[in-house]
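Protein chains in written order, with the working numbering: chain A, 1 to 251; chain B, 252 to 633.
Shown next, in structure tokens, is the structure this report addresses.
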Ligand SMILES: Nc1ncnc2c1ncn2[C@@H]1O[C@H](COP(=O)(O)OP(=O)(O)OP(=O)(O)O)[C@@H](O)[C@H]1O
Ligand SMILES: [Mg+2]
């Protein structure tokens, strides 16, 4: 068997001394899509940020292996250059920096000497038109005054250009109208292949109609409480998280 | 000396006026002693410029050094030199410059002439260690327009230098002028820098200060909107690292109705660099229906870096639009994380954030080609 793409082993993480991730183990193989569903505040974004090494989140126990390598102590940029991408739930505005300049700089950082300016321009244009964004998008400042939908498109535009091997998509579907959801999902599907693993965080089973997951995980209070197939998402839609929220009931 | 009659008077006034108190509002945040010239200087420096196109010279445009101008166009220089009035700030130093200057830059655009391509000049010390007293005089005629990039450089091997510079700008009615001062002194240079621009009816002045070099840069920049309809865009970019110290004071003096001034200064400071910004908007009783804005923002890249910002308003009339803003803070760690999550090393992420921060100033530079050139100079410095 080949090495898993991502292996999270008993991961515990805290923020400001408060434990948010309480022992997560999860394995994603190349080519797989894993959906992660859980109530607000359960720690899904914390997991995404911890996987990218956000300095605010302190890992107190456990390990993250990427292609078999222990990356638990790696800096954020090294993880990105190794092929991990995070589609942010709340993308950050960087005023004064144009989308084109930003994406070009990111590509240069990742490709190093292999970066080809001419290729970049061609690819960038094609990626924009595939995601249905106007050319003027390139000269706007990163996420500055973007609508919710535009922000999410920009995340997928970056993913398209950076070609990661692991994409963590944190509620990429939230804030999208029906047409945008379709365009963005198609954008993600175009990138699927035998090399790419995806961790898809969502509240809605709707997205999973477009992007068929191999595994669905139920995430409650910093832990994965159940894993199953696509039908689990349907079950959650019908019954909610109540059956899993033992702690909430006794508290 | 330039052998200009007013220089003798200026010297007497300079001698009669005491040095400012170290504890005065103007000096309590910056080291005065380091800026007082030990001798009355004969610091040699060169004034250079790119040749102005022949058709512009035919049209009467003059771009040359001040001594040459005084020889070739004595009447013209005499008509305008030392005529913009006594500055409110750094007065003693302005008198010193007026008394002792013997060289500088002269730029003259006759009425109605449009100089399309930006002109380019620069001043560089010859490095004999004595203080420099350069004088810049710009006159833009009625309805004329031009852009000048005026650079300050140090030779690669140059040692410490003290420079006391003064610039006078006169914009006649309907004149349009962009003046970009690109300061790239070496890291041991100390400068005092006075500036007074007088804007006549409907004149439009864009003044862009780019401060990248120097150990100490103390500036007093005054813009006088003296007649109705005058408009000034006052922009500044300061980047300091090491122990660099910037102390900038600005004056937006509205003396006539329907005048507009819009100031935006941004500084980025690293290591233990420091910037002090003080700015006064003064609106005289006559200056009704005036718009005046002032915004100063600083980004601190290290814990030891510091920025002070003190805006002031003196409004002697009503019926004006006046706003000022101040913001000082470290880089936003969420932005850094976002950029690093795309593969940018921290230093590269900060560089991009800084260039974005300056972009709101650079995007207001009127000439597109210039914008890129300036962005390149700034990003090279970062
Ligand atoms: N930077 C932070 N500072 C303080 N508390 C935080 C921070 N980030 C997360 N938390 C806390 O950690 C907990 C988990 O938050 P997280 O954002 O990971 O939840 P989530 O599952 O992504 O929720 P949602 O579905 O609403 O996006 C919450 O209680 C939240 O308040
Ligand atoms: Mg979340």
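Heads up, the beta-carbon is just placed ideally off N, CA and C, and yes, glycines get one too.
Since we're looking at a predicted model, the values are computed, not measured.
Closer than 8 Å at the beta carbon, the chain A residues around residue i
{"i": "residue 589 (chain B)", "result": "88, 91, 92 and 94"}
{"i": "residue 603 (chain B)", "result": "94, 97, 101, 102 and 105"}
{"i": "residue 611 (chain B)", "result": "95 and 96"}
Within-7 Å CB hit, residue i to chain B
{"i": "residue 154 (chain A)", "result": "no"}
{"i": "residue 3 (chain A)", "result": "no"}
{"i": "residue 127 (chain A)", "result": "no"}
{"i": "residue 109 (chain A)", "result": "yes"}
{"i": "residue 52 (chain A)", "result": "yes"}
{"i": "residue 81 (chain A)", "result": "yes"}
{"i": "residue 258 (chain A)", "result": "An answer regarding residue 258 (chain A) cannot be provided, because it is not within the stretch 1 to 251 covered by chain A."}
{"i": "residue 16 (chain A)", "result": "no"}
{"i": "residue 202 (chain A)", "result": "no"}
{"i": "residue 249 (chain A)", "result": "Here the model assigns residue 249 (chain A) a pLDDT of 44, short of 50, so the residue's position is not dependable, and the following value carries that caveat. Not an interface residue."}
Neighbour flag for residue i against chain A, beta carbons, 7 Å
{"i": "residue 317 (chain B)", "result": "no"}
{"i": "residue 586 (chain B)", "result": "yes"}
{"i": "residue 490 (chain B)", "result": "no"}
{"i": "residue 547 (chain B)", "result": "no"}
{"i": "residue 592 (chain B)", "result": "yes"}
{"i": "residue 394 (chain B)", "result": "no"}
{"i": "residue 607 (chain B)", "result": "yes"}
Near ligand 1: residue i beta-carbon under 6 Å from a heavy atom
{"i": "residue 392 (chain B)", "result": "no"}
{"i": "residue 24 (chain A)", "result": "no"}
{"i": "residue 633 (chain B)", "result": "no"}
{"i": "residue 224 (chain A)", "result": "no"}
{"i": "residue 8 (chain A)", "result": "no"}
{"i": "residue 15 (chain A)", "result": "yes"}
{"i": "residue 20 (chain A)", "result": "yes"}
Continuous alpha helix (DSSP H) stretch holding residue i: start and end
{"i": "residue 612 (chain B)", "result": "597-613"}
{"i": "residue 177 (chain A)", "result": "Run containing residue 177 (chain A): none; DSSP gives neither H nor E here."}
{"i": "residue 628 (chain B)", "result": "619-632"}
{"i": "residue 526 (chain B)", "result": "No alpha helix (DSSP H) contains residue 526 (chain B), which is instead part of the beta strand (DSSP E) from 525-534."}
{"i": "residue 589 (chain B)", "result": "584-591"}
{"i": "residue 368 (chain B)", "result": "From DSSP, residue 368 (chain B) is part of no alpha helix (DSSP H); its letter is neither H nor E."}
{"i": "residue 210 (chain A)", "result": "205-210"}
{"i": "residue 156 (chain A)", "result": "148-162"}
{"i": "residue 109 (chain A)", "result": "99-111"}
{"i": "residue 326 (chain B)", "result": "325-331"}
{"i": "residue 232 (chain A)", "result": "231-239"}
{"i": "residue 264 (chain B)", "result": "256-267"}
{"i": "residue 453 (chain B)", "result": "Residue 453 (chain B) -> no alpha helix (DSSP H), and no H or E assigned at all."}
First and last residue of the uninterrupted beta strand (DSSP E) at residue i
{"i": "residue 473 (chain B)", "result": "467-476"}
{"i": "residue 512 (chain B)", "result": "511-520"}
{"i": "residue 565 (chain B)", "result": "557-566"}
{"i": "residue 25 (chain A)", "result": "18-28"}
{"i": "residue 415 (chain B)", "result": "412-422"}
{"i": "residue 77 (chain A)", "result": "Not the beta strand (DSSP E): residue 77 (chain A) falls in the alpha helix (DSSP H), residues 76-82."}
{"i": "residue 54 (chain A)", "result": "Neither: residue 54 (chain A) is in no beta strand (DSSP E) and is coded neither H nor E."}
Residue i Cβ short of 6 Å to ligand 2 heavy atom set
{"i": "residue 42 (chain A)", "result": "no"}
{"i": "residue 45 (chain A)", "result": "yes"}
{"i": "residue 32 (chain A)", "result": "no"}
{"i": "residue 89 (chain A)", "result": "yes"}
Amino acids of chain B, ordered along the chain, whose beta-carbon sits closer than 9 Å to that of residue i
{"i": "residue 77 (chain A)", "result": "590, 591, 592, 593, 594, 595, 596, 597, 599 and 600"}
{"i": "residue 205 (chain A)", "result": "Within chain B, no residue comes near residue 205 (chain A); the closest Cβ sits about 28 Å away, beyond 9 Å."}
{"i": "residue 162 (chain A)", "result": "593 and 594"}
{"i": "residue 158 (chain A)", "result": "593"}
Ligand 4 heavy atom lying under 6 Å from the CB of residue i
{"i": "residue 225 (chain A)", "result": "The model on display carries ligand 1 and ligand 2 but not ligand 4."}
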